[in-house]
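Asks: Residue numbers (my numbering): 8 to 114. Note that CB positions come from ideal geometry on N, CA and C, so glycine has one too. From a predicted model like this one, the values you see are computed outputs, not experimental measurements.
Given below as structure tokens:
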């Protein structure tokens with residue numbers, strides 16, 4: 008599950024997460040107006056990249072998936088996504104997403 012609020016209320020919101028929002032805009036051309044497109048891009052490409060086990064801190068198994076995404080501006084950037092297999096709900100869900108500005112995140 009990818010909660011839309013992770014993007015509309017945080018990652019693409021210039022008021023709440025300006026660094027993340029600007030990075031998504033500059034690197035890939037995503038903003039709050041096309042957040043559904045970013046969610047679909049992540050969902051479509053998720054299985055193309057390996058999930059890295061990040062352990063369990065008591066709430067469920069955590070994973071990281073680093074993926075190369077191409078945005079509506081035609082540019083490609085590395086996006087890091089964090090996931091949890093929530094013990095309480097039994098649901099796998101996205102908990103974070105951001106453009107990797109280190110290690111050549113922008114291509």
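In terms of DSSP beta bridges, what is residue 17 paired with?
Replies: In the DSSP output, where bridge partners are listed per residue, residue 17 has none listed.
Asks: Counting only the same chain and skipping the five closest in sequence on each side, list residues whose C-beta sits under 6 Å from that of residue 89.
Replies: Closer than 6 Å at the Cβ level, and outside the excluded window around residue 89, lie 71, 102 and 103.
Asks: In terms of residues, what are the limits of the beta strand (DSSP E) holding residue 61?
Replies: Run containing residue 61: 58-63, per the beta strand (DSSP E) assignment.
Asks: Considering only C-alpha positions, which residue in the set 29, 67, 87 and 69 is nearest to residue 76?
Replies: The shortest Cα separation from residue 76 among 29, 67, 87 and 69 belongs to 87.
Asks: What does the alpha-carbon distance come out to for the pair residue 18 and residue 9?
Replies: Computed Cα separation, rounded: 13 Å.
Asks: Excluding sequence positions up to five away, which residues of its chain have a Cβ less than 8 Å from the Cβ of residue 79?
Replies: Once the five neighbours on either side are set aside, the close Cβ partners of residue 79 are 35, 36, 37, 41 and 44.
Asks: DSSP on residue 93, reduced to helix/strand/coil?
Replies: Strand at residue 93.
Asks: Taking a contact to mean a Cβ-Cβ separation below 8 Å, would you say residue 28 touches residue 21 in this structure?
Replies: Yes, they are a contact pair.
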